[in-house]
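For the sequence shown, the numbering used here assigns the number 466 to the last residue and increments by one with no breaks.
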Amino acid sequence: MPVQIKRIYDALDPADGARILVDRLWPRGLSKEKAAFDEWLKDLAPPSQLRKWFDHRPERWAEFQQRYRAELRENPAVDLLRARIAAGMVTLLYSSRNREFNHVAVLAEVLCEANSFAR
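Okay, structure coming up:
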């Protein structure tokens, strides 16, 4: 699957394809005029309670991944995103400063796994 991840604050690249913001909250300090994305799928972000619990703390990363994956299994927006990816390159955008421990890394893995969420 052609999918990559980037911070929404990173430079726009023509190779990005469809740029999809997958954060629940609007990125700080970014105006809607300057935000370069095609679609905002905030329902793919972790629920507020899980996001606040995790707080980008590395010691909670393993459990966060398990909880978030369970949420994604029940989320119909995953199929919508898969359809976008089937149509071509997609860049998943997030705003967190933490490039390693963030929900988009988990989401990208889930989308790239073979037979994930088979219904």
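The C-beta atom is built at its ideal place from N, Cα and C for all residues, glycine as well.
Nothing here was measured: the structure is a model prediction, and the numbers come from that model.
With a cutoff of 8 Å on beta-carbon distance, Leu439 and Ala455 are scored as near each other. Within its own chain, no residue has a Cβ closer than 6 Å to the Cβ of Arg444 once the five positions on either side in sequence are excluded. With a contact defined as Cβ atoms closer than 8 Å, Trp408 and Phe448 qualify at about 5 Å.
Judged by DSSP in its simplified three-state form, Lys379 adopts coil rather than helix or strand.
Rounded to the nearest whole angstrom, the CA to CA distance from Asp402 to Arg414 is 14 Å. Closest by C-alpha distance to Lys389, out of Leu427, Asp357, Glu460, is Leu427. In the DSSP assignment, no residue is bridged to Arg398. Across the structure, Pro405 and Ile352 are spaced so that their CA atoms are roughly 19 Å apart.
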